[in-house]
Each structure stands twice: as structure tokens, then as C-alpha cells.
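J.: Questions regarding the structure given below will be posed in turn.
2 protein chains.
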Amino acid sequence: MAGCGLLYLEDLYVGLRFECGSHALDAAQIKAFARQYDPQPFHLDEDAARGTFFGGLAASGWQVACLAMRMIAEHVPIAGGLIGGAAELRWPQPTRPGDILHVTSEILEVTPSRSKPERGMALLRTETRNQKGELLQVFTAKCVVPRRPG
Amino acid sequence: MAGCGLLYLEDLYVGLRFECGSHALDAAQIKAFARQYDPQPFHLDEDAARGTFFGGLAASGWQVACLAMRMIAEHVPIAGGLIGGAAELRWPQPTRPGDILHVTSEILEVTPSRSKPERGMALLRTETRNQKGELLQVFTAKCVVPRRPG
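Going down the list, the sequences are from chains L and C.
When we follow this note's numbering, the leftmost residue of the first sequence carries the number 9, and every step to the right adds one.
When we follow this note's numbering, the leftmost residue of the second sequence carries the number 9, and every step to the right adds one.
Shown next, in the form of C-alpha cells:
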């Protein structure tokens, strides 16, 4: 686990892990997010959701992504902030009302830039699991990380 | 361009395009989203943003993704809804206050399921450009699409 200081490229290594906390998700939060960003029946209404692919109310994958982002922003102290140029997301199973989302991140790669000596890239893999340990989301992002000045 | 009816797997073809409308993004929206989901200085405050990688206020990439999602949900009438199991995102350049986001989607692949005769997969590529035509986000998602019922 990482400590409290700001982390530069030199401080990162493959396998470095971050505990990013947890978030309890309920039906009201699921519906509020959906009304704003993903207004589809299976994210908005229990009854309408029953006859769909999900068979019941499910959170928008984008809500699961946004909640993970907030938890990473609060718990992964990379110097200069979390700046991603690309990301991949997978949702192996739906996120449901009552799920408690646990988020952990891990450094998969650390690559100094060849052209820009003051920085590099880190590949960060973030998992969201519920209280049963079921994997709800895997999110992998390439982040820009500065080298330690001087 | 697609018409108004619900689209089944049989209705989709490579190159089918959807105009998903536009959205004017301002600094207040950028900061409000960031407070909730991506609380980093370059998304929250003009002055704090000046000394960062972005050199000024920039929208969270997740906001750009969520706005695109809403516009797709409203303009891509796939039967059963837009249900993605995986997505890839790229942000070639920052999204700024004052940008007017134009969103278009295109079908890249249509693949019947081998194991599940009642459905298949479509690969949907969605671009977000600003009023200058600059590419801000490319978002590619694998979606579950039902076949037209017997």
C-alpha cells in the first residue's frame, strides 16, 4: 500500500496497490444518475426493468465508472493528478441496488517517456467488487505521471 | 441515418450512422460534475487549473463520456436498449468550457451470437467533436442486440 506523500514516476512500481474505500449504492442513487446521464428503463424503474435483459433494476455502467473515478481521485496520490488519455472498461455483471462497492487500484506498468524526459506513463487497473466479492467492473487507464523535479 | 422504429440485429449494418445531437458545455457544468465524480483541481477551478498539465479548466473525461451516453440513449433506438459489456475510451484533447459537443455514432461490426440464437453483438463507435470539428473523445462499445422476434 502507498503512503501519504505525492507519488512521482520514480515512486511507482508494478504491483503497487491502493485501497480506495467503499460506497453503498441504493436504488435512489441509481435512478438519479440514470435520469441525468443514462435514461433507460432498466436504470430508471424497477417494474420496467423486470422485463429487460437485466431482469431488474441495475446501475448504469457509467455510474460505476464515475464512482470508481471519485474514489481513485481521493486515494491514489499521483503528483499532478490523475490524467488519463485512454481507458478500457469491462462490466462482467450488473451492479444492483444494495451493492456496496469496494474499489482497489494496482499499477500494472510504468514507462518513462522517450521524448519527454520530465514524465512517463503508468497503467492503472482498478477493480470494483461488491460485498460478496463479485467483480462488477474492471477499468484500466493509461495515466500521465510526472518525474520528480530536479 | 436510421429512422424512428426500434432496431433489431437484422436492421443494423456496418456504416449505419446516427446523429445524436449537441450539448453546450460551460464552466459551471464542468465544476458541478467534478465536485461529484472527479474532484481534481484542473476540473474544479480556473486558477488552480492554470499551473497543471491542462493549463486551464478542462472537463473530466467521464463527463464527456456521460454526456455522450445520454445523447446515444436518446438517439440510437436499439431494441432492448443500449447494453454494453465493455467499452474503450480515448480523449485526444481536453474538453473546455464553451465547447459545443456534437455526438455521432456508427456501427462498426454486427455479429450474431453462436450460442444464443435470439441475439448478437454490435460494435458501436461514438465520436464527440467540438464546434471547430476537433475530436475530443472516441468511445467504442460492444452492445448486446436482440434479433427480431420470430
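Note that the Cβ used here is the ideal one computed from N, Cα and C, for glycine as well.
Model, not experiment: these values are computed from the prediction.
1. Does the separation of the CB atoms of Ala35/C and Pro105/C fall below 8 Å?
2. What is the DSSP secondary structure of Glu82/C, reduced to helix, strand or coil?
3. Check each candidate in Asn138/C, Thr103/C, Gly128/C and Ala42/C and name the one with the smallest Cα separation from Tyr16/C.
4. Residues of chain C with CB closer than 8 Å to the CB of Ala35/L, please, in chain order.
5. Name, please, each residue of chain C whose Cβ falls closer than 7 Å to the Cβ of Leu90/L.
6. If you drop the 5 nearest sequence neighbours on each side, which residues of the same chain put their C-beta closer than 8 Å to that of Pro125/C?
7. Would Thr103/C and Val72/C qualify as a contact pair, given that the criterion is a beta-carbon distance under 8 Å?
8. Which of the three DSSP states is assigned to Glu27/L in this structure?
9. Along the chain, where does the alpha helix (DSSP H) that runs through Ile38/C open and close?
10. According to DSSP, Arg137/C sits in a beta bridge with which residue or residues?
11. Bridge partners for Ala56/C per DSSP, in chain order?
12. Which residue marks the beginning of the beta strand (DSSP E) containing Gly93/L, and which one marks its end?
13. Please decide whether Gly13/L counts as near chain C, where near means a Cβ-Cβ distance under 8 Å.
14. Rounded to the nearest angstrom, what separates Ala76/L and Glu96/C at their Cα positions?
15. CB Leu90/C to CB Gln48/L, shorter than 8 Å?
16. I want to verify the contact list: residues of chain C whose CB lies under 7 Å from the CB of Met77/L, in sequence order.
17. If distances are taken between C-alpha atoms only, which option among Phe50/C, Glu18/C and Glu142/C comes closest to Ile108/C?
18. State the beta-bridge partners of Leu132/L as determined by DSSP.
19. Beta carbons nearer than 8 Å to chain C: which residues of the segment 120-153 of chain L have them?
20. Quick check: is the beta carbon of Arg98/L nearer than 8 Å to any beta carbon in chain C?
21. Straight-line CA distance for Ala149/C to Ala87/L?
22. Identify the residues that DSSP records as bridge partners of Pro120/C: which are they?
23. Please report how far the alpha carbon of Val22/L lies from the alpha carbon of Glu27/C, in whole angstroms.
24. Check whether chain L comes within 8 Å of Ala32/C, counting only Cβ atoms and requiring the distance to be less than that.
25. Give the secondary structure of Pro49/L by DSSP, where H, G and I count as helix, E and B as strand, and everything else as coil.
26. Go ahead and pull the three-state DSSP assignment for Ala32/C.
27. Across which residues does DSSP place Leu15/C in a beta bridge pair?
T.: Reading off the structure:
1. Contact check for Ala35/C against Pro105/C passes: the beta carbons are separated by less than 8 Å.
2. For Glu82/C, the three-state secondary structure derived from DSSP is helix.
3. Gly128/C
4. The premise fails here: Ala35/L is roughly 18 Å from chain C at the closest Cβ pair, so nothing lies under 8 Å.
5. Gln48
6. Taken in chain order, the residues that qualify are Arg155.
7. yes
8. DSSP places Glu27/L in the strand class (E or B) of the three-state scheme.
9. Ala35 to Tyr45
10. His110/C and Leu143/C
11. DSSP lists no partner for Ala56/C.
12. Gly92 to Arg98
13. no
14. 16 Å
15. yes
16. Residues of chain C whose Cβ lies closer than 7 Å to the Cβ of Met77/L are, in chain order, Tyr45, Asp46 and Trp70.
17. Glu142/C
18. Ile115/L and Ala149/L
19. Val152
20. yes
21. 31 Å
22. Gly128/C
23. 42 Å
24. no
25. Taken through DSSP and simplified to helix, strand or coil, Pro49/L comes out as helix.
26. strand
27. Ile86/C
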